[in-house]
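Everything below concerns the one structure shown next.
Residue numbers (the UniProt record's numbering): 1 to 424.
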């Protein structure tokens with residue numbers, strides 16, 4: 001709400017900072033590490049061009065490494081660590097920044113409780129990988145409120161804004177609960193977790209339609225996925241009554257969504273999703289062990305990132321053209337990468353439970369078998385990137401089996417307002 005009103009001003013400030021980067025380059029020796037790293041991260045995060053050369057003044061000319069004296073600047077080290085996650089392929093300075101901060105930050109003896117909290121939080125998961133709305137709640141309560149230099153008025157505004165937006169999300173969830181009770185009662189158990197995916201992806205109040213359609217997609221996909229894991233895939237007439245109800249609800253949902261776009265623009269995203277689940281079911285029943293390439297070629301589709309992207313785009317775009325839809329459908333790299341990252345993070349959190357239930361080998365097991373290594377070694381080699389997926393699977397299967405940490409996060413983001421402090 002209030003935060004939305006400030007977005008334009010923030011954009012203007014960043015554009016101004018971007019125009020000053022050349023001056024920042026010319027005054028390298030007068031710029032402290034925190035200022036340089038923070039400016040770099042914010043500019044890159046918002047799509048403004050800024051060169052990694054800005055950090056050269058903090059490096060030793062002879063060794064090409066960052067100066068050891070920098071470890072005394074804890075705030076600067078945190079900012080440099082966060083900035084290193086915004087590097088592109090081939091940017092050696094940022095790679096060196098990551099190695100330097102990752103090595104020294106965990107070893108630092110920090111006397112300031114506020115900085116100690118920031119370091120631990122950053123090392124657990126960098127800002128760039130955290131959903132903004134979850135980070136907002138944490139920062140307000142666990143960081144800024146405990147900052148000795150905190151501004152009470154700003155803290156009060158942040159709490160008020162968060163609670164207002166939370167109230168809007170809570171109302172959306174209440175309406176979805178009513179809707180699910182009529183047509184999707186079998187999926188109610190996963191409603192809150194399903195809503196969280198849309199909330200992580202599009203927390204701003206104006207994206208209500210995106211959150212609603214994402215919730216329905218995730219809830220249906222989760223239910224269909226569970227059925228593929230338990231039942232043989234046969235004809236509709238042979239399905240139990242509750243499974244027929246699921247497929248009828250799925251068909252109704254897709255038809256209702258299709259009414260918003262011309263018939264000739266129909267897409268096969270649900271067919272692709274079902275086909276991916278069917279492939280996994282066939283592998284299991286035939287005892288087939290896929291190669292890693294074979295597994296990932298199918299698994300990135302079964303992770304519903306492409307499916308949710310397609311639906312969210314349709315409901316959030318007033319006039320959808322056939323060309324735009326076909327571009328989204330034709331396996332663009334960014335869609336495939338999102339699905340691949342989500343699948344790998346999902347497998348990291350859920351593969352142990354799913355293998356125990358008798359599922360097909362996941363990415364970790366397939367990679368371990370192909371390379372003749374132990375599964376825990378494979379885990380160390382798989383990057384954890386996708387923000388929402390990280391939050392759900394950081395402590396286990398946060399979507400399928402909500403653990404304590406996941407329930408606490410969902411409760412804080414959806415149900416529990418931030419209590420007012422004495423200063424408020």
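C-beta: ideal position from N, C-alpha, C; glycine also.
Nearest-angstrom Cβ-Cβ length linking residue i and residue j, presumed shorter than 8 Å
i: residue 165; j: residue 205; result: 6 Å
i: residue 212; j: residue 172; result: 7 Å
i: residue 444; j: residue 201; result: Nothing can be reported for residue 444, as the shown portion of the chain is limited to 1 through 424.
i: residue 199; j: residue 133; result: 6 Å
i: residue 143; j: residue 160; result: Not confirmed; about 18 Å, so no contact.
i: residue 410; j: residue 346; result: 18 Å between Cβ atoms; not a contact.
i: residue 308; j: residue 366; result: 25 Å between Cβ atoms; not a contact.
i: residue 123; j: residue 105; result: 6 Å
i: residue 114; j: residue 152; result: In fact, because the Cβ distance is near 16 Å, the residues do not count as touching under 8 Å.
i: residue 140; j: residue 120; result: Actually they are not in contact, since the Cβ atoms of residue 140 and residue 120 sit about 17 Å apart, beyond 8 Å.
i: residue 426; j: residue 34; result: Since the first residue of the chain shown is 1 and the last is 424, residue 426 is not available in this structure.
i: residue 289; j: residue 361; result: 6 Å
i: residue 170; j: residue 337; result: Not confirmed; about 33 Å, so no contact.
i: residue 176; j: residue 215; result: 6 Å
i: residue 339; j: residue 283; result: Their Cβ separation, rounded to whole angstroms, is 18 Å, which puts residue 339 and residue 283 out of contact at 8 Å.
i: residue 112; j: residue 76; result: Incorrect: roughly 14 Å between the Cβ atoms, too far for contact.
i: residue 155; j: residue 145; result: 6 Å
i: residue 74; j: residue 108; result: 6 Å
Simplified DSSP assignment, three categories, for residue i
i: residue 66; result: strand
i: residue 59; result: strand
i: residue 408; result: helix
i: residue 151; result: coil
i: residue 220; result: helix
i: residue 203; result: coil
i: residue 290; result: coil
i: residue 362; result: coil
i: residue 34; result: helix
i: residue 47; result: coil
i: residue 89; result: coil
i: residue 128; result: helix
i: residue 109; result: coil
i: residue 196; result: helix
i: residue 78; result: helix
i: residue 418; result: coil
i: residue 303; result: coil
i: residue 263; result: Reliability of the predicted coordinates at residue 263 is poor, the pLDDT of 41 falling under 50, and no value is obtained from them.
i: residue 73; result: coil
i: residue 177; result: helix
i: residue 381; result: At residue 381, the pLDDT of 35 sits below 50, so the modelled position is not reliable; the number obtained from the coordinates is stated separately. In this structure, residue 381 counts as helix in the three-state DSSP scheme.
- Pair every Cβ in the stretch 81-88 with every Cβ in the stretch 127-146, then say whether three or more of these pairs are closer than 8 Å. yes
- the stretch 400-419 touching the stretch 191-208, judged by at least three CB pairs closer than 8 Å: yes
- Query: Would you say the stretch 65-76 touches the stretch 91-101, given that touching needs at least three Cβ pairs under 8 Å?
  - Reply: yes
- Item | At least 3 beta-carbon pairs within less than 8 Å: the stretch 101-115 vs the stretch 42-55 | no
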